[in-house]
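**Student:** In our numbering, each residue carries its 1-based index in the sequence shown increased by 204.
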Amino acid sequence: MDQSEIMSELVNASPLGKNSEYQAEYNPEVLFPIPRREKQLELGLDPDNLPFVGSDVWFGYELSWLDAKGKPLAMIGRFELPCQSPCLIESKSFKLYLNSFNQTQFDSVAQVQAVMEKDLSRAAGAPVRVKLMTIAEMEAFGFKPAPGTGVDELDVVIDCYDYTPDLLQKAEGIREETIHSHLLKSNCPVTGQPDWGTVVVQYKGEAISHESFLKFICSFRGHQEFHEQCVERVFTEIQARFKMQSLTVYARYVRRGGLDINPWRSTDQAGQDDGRLIRQ
């Protein structure tokens, strides 16, 4: 059985794309981990020696439980899974897990946070950080514009909507810049539903042709892959084709099912901030 067949079996075993009964009582068993290793091998990466650091930052908006007096609380969760973790967590199972808190009583917010960190860390195979925020605390984030230079308004012909990394081309010279596109669109590998996002590339090294970057991103339009894997694919292709002193790639995906997923991969240790983009 080859790597694609292994991944296909894993994905088909997940709750994604199937009718699922929502459980209102706490149930960590609904979490469905998916190993990262098979896809990383497909990308030519060594899972034991990744060329990047990073994490997958999730925000969960369908999050509620009952306090010690039975009063419902509504909060927003920030969940950070390290990219070195053996597994990512399938998104529908994550949604089912969060909703399983709805009719369960907990003594404190700290207790809920500790329970979530324990369950998610077990599923991912590495420590997962959880931060629970009130609505007012989340409102304080506000919205920010995407950083750097946008490429979406360039006057170019786009005629390729199937993933084509050869579209990436060099420009002249060495640059240190940030570029972004709001036109990232890929598809769920199980349901075929569209995933919309903004992709940002920060780099120092051989210059990337902005026109070619736009064409490359548009070629994801028919591509089927999870959010995390798309970001690793962009990072891997740029790193393979350009001599870079530093490279960071991240995406801010549009919320679906009460969750948004924001993976980032970087040659540097510094993380990204949690600034929200307008489509999130």
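Even glycine gets a Cβ: it sits at the ideal position worked out from N, Cα and C.
Roughly how many angstroms lie between the CA atoms of Gln288 and Gly462, to the nearest whole one?
**Tutor:** Reading the sequence shown from its first residue, position 84 is the one you call residue 288. Reading the sequence shown from its first residue, position 258 is the one you call residue 462. Near 25 Å, if we compare the C-alpha coordinates of Gly462 and Gln288.
**Student:** DSSP has Tyr457 in a bridge; who is on the other side?
**Tutor:** As a working note, residue 457 is residue 253 in the sequence shown. Answer is Gly401, bridged to Tyr457.
**Student:** On the DSSP bridge assignment, give the partners of Val257 in chain order.
**Tutor:** Stepping through the sequence shown from its first residue, residue 257 is reached at position 53. In DSSP, Val257 forms a bridge with Ser470.
**Student:** Can you tell me where the alpha helix (DSSP H) holding Ala375 begins and where it ends?
**Tutor:** If you number the sequence shown from 1, residue 375 lands on position 171. Per DSSP, Ala375 belongs to no alpha helix (DSSP H); it is in the beta strand (DSSP E), 374-391.
**Student:** Quick check: what's the CA-CA separation for Ile210 versus Glu242?
**Tutor:** Translated into positions along the sequence shown, residue 210 becomes position 6. Translated into positions along the sequence shown, residue 242 becomes position 38. The pLDDT assigned to Ile210 is 47, lower than 50, so where the model puts this residue is not dependable, and the model offers no usable value.
**Student:** Do you know offhand how far Leu270's Cα is from Glu376's?
**Tutor:** The residue you call residue 270 lines up with position 66 of the sequence shown. The residue you call residue 376 lines up with position 172 of the sequence shown. Going by the C-alpha atoms only, they are around 59 Å apart.
**Student:** Let me know if Pro237 comes out buried or exposed under the rule of 16 or more other beta-carbons within 10 Å of its beta-carbon.
**Tutor:** On the sequence shown, position 33 is the one that residue 237 refers to. With 16 or more other Cβ atoms within 10 Å, it is buried.
**Student:** Based on the DSSP secondary-structure assignment, which residues constitute the bridge partners of Asp464?
**Tutor:** Numbered from its first residue, the sequence shown carries residue 464 at position 260. Note: Asp464 sits in a beta bridge opposite Phe263.
**Student:** Out of Glu233, Gln244, Phe256, Phe283, which one is the CA nearest neighbour of Ile465?
**Tutor:** Reading the sequence shown from its first residue, position 261 is the one you call residue 465. Per the Cα distances, Phe283.
**Student:** In chain order, what residues of the same chain lie with their CB nearer than 6 Å to the CB of Trp468, ignoring the 5 residues before and after it?
**Tutor:** One-based indexing of the sequence shown puts residue 468 at position 264. Hits under 6 Å: Gly258, Tyr454, Gln476.
**Student:** What is the DSSP secondary structure of Lys243, counted as helix, strand or coil?
**Tutor:** Working through the sequence shown from its first residue, we reach residue 243 at position 39. Here Lys243 sits in helix by DSSP.
**Student:** Do Leu324 and Leu267 have their C-beta atoms within less than 9 Å of each other?
**Tutor:** In the sequence shown, residue 324 corresponds to position 120, counting from 1. In the sequence shown, residue 267 corresponds to position 63, counting from 1. Result no, Cβ atoms of Leu324 and Leu267 do not sit closer than 9 Å.
**Student:** Given Glu415, which residues of its chain have a CB within under 7 Å of its CB, disregarding the five upstream and five downstream residues?
**Tutor:** Residue numbering aside, residue 415 sits at position 211 when the sequence shown is read from its first letter. Contacts found: Leu358, Val360.
**Student:** On the CB-based measure, 16 or more other CB atoms within 10 Å of its CB, does Asp356 come out buried or exposed?
**Tutor:** In the sequence shown, counting from the first residue as 1, residue 356 sits at position 152. Under this definition Asp356 is an exposed residue.
**Student:** Following the continuous beta strand (DSSP E) through Ile421, name the residue where it begins and the one where it ends.
**Tutor:** Residue numbering aside, residue 421 sits at position 217 when the sequence shown is read from its first letter. Segment 414-422 is the alpha helix (DSSP H) holding Ile421; no beta strand (DSSP E) there.
**Student:** Is the beta carbon of Ser500 sitting closer than 9 Å to the one on Ile421?
**Tutor:** Any question about residue 500 goes unanswered here, given that the chain covers just 205 to 484.
**Student:** Tell me whether Pro349, by its Cβ, gets closer than 8 Å to a heavy atom of the ligand ZN.
**Tutor:** With respect to the ligand ZN, the structure offers nothing, as it holds no ligand at all.
**Student:** Distance check for Arg333 and Glu321, CA to CA, integer angstroms please.
**Tutor:** In the sequence shown, counting from the first residue as 1, residue 321 sits at position 117. In the sequence shown, counting from the first residue as 1, residue 333 sits at position 129. Going by the C-alpha atoms only, they are around 6 Å apart.
**Student:** Tell me which same chain residues have a C-beta within less than 7 Å of the C-beta of Phe424, skipping the five on either side of it?
**Tutor:** Within the sequence shown, the letter at position 220 stands for residue 424. Tyr367, Leu388, Lys389, Ser390, Cys434.
**Student:** For a test of the three-state rule: what should DSSP assign to Arg486, helix, strand or coil?
**Tutor:** The question about residue 486 has no answer here: the residues shown for the chain are numbered 205 through 484.
**Student:** On the DSSP bridge assignment, give the partners of Gly281 in chain order.
**Tutor:** Position 77 of the sequence shown, counted from the first residue, corresponds to residue 281. Beta-bridge pairing links Gly281 to Gly264, Leu336.
**Student:** Should Phe347 go down as buried or exposed, given a rule of 16 or more other Cβ atoms within 10 Å for buried?
**Tutor:** Here residue 347 refers to the residue found at position 143 when the sequence shown is read from its first residue. Exposed is the call here.
**Student:** From Ala278 to Asn306, what distance separates their C-alpha atoms?
**Tutor:** The residue you call residue 278 lines up with position 74 of the sequence shown. The residue you call residue 306 lines up with position 102 of the sequence shown. Computed Cα separation, rounded: 9 Å.
**Student:** Tell me the rounded alpha-carbon separation between Pro262 and Gly281.
**Tutor:** Locating residue 262 in the sequence shown gives position 58, counting from the first residue. Locating residue 281 in the sequence shown gives position 77, counting from the first residue. The question names Pro, yet the displayed sequence has Trp at residue 262. Cα to Cα, Trp262 sits roughly 8 Å from Gly281.
**Student:** Quick one: using the 10 Å Cβ neighbour count with 16 as the cut-off for buried, is Glu225 buried or exposed?
**Tutor:** On the sequence shown, position 21 is the one that residue 225 refers to. By the neighbour-count rule (16 or more Cβ atoms within 10 Å), Glu225 is not buried but exposed.
**Student:** Provide the residue(s) that pair with Ile442 in DSSP beta bridges, ordered along the chain.
**Tutor:** By one-based count along the sequence shown, residue 442 stands at place 238. Its beta-bridge partners do not exist; DSSP assigns none.
**Student:** Is the distance from the Cβ of Glu410 to the Cβ of Ile378 below 9 Å?
**Tutor:** In the sequence shown, the residue the question calls residue 410 occupies position 206. In the sequence shown, the residue the question calls residue 378 occupies position 174. Yes. Within cutoff.
**Student:** Should Gln195 go down as buried or exposed, given a rule of 16 or more other Cβ atoms within 10 Å for buried?
**Tutor:** Here the chain has residues from 205 to 484 only, and residue 195 is not among them.
**Student:** Do Ala228 and Thr353 have their C-beta atoms within less than 9 Å of each other?
**Tutor:** As a first step, residue 228 is located in the sequence shown; it is residue number 24 there, counting from the start. As a first step, residue 353 is located in the sequence shown; it is residue number 149 there, counting from the start. Against a cut-off of 9 Å, the Cβ pair of Thr353 and Ala228 comes out as no contact.
**Student:** Quick one, which of Phe310, Leu245, Met448 has its alpha-carbon nearest Lys408's?
**Tutor:** The residue given as residue 408 occupies position 204 in the sequence shown. Ranking Phe310, Leu245, Met448 by Cα distance to Lys408 puts Met448 first.
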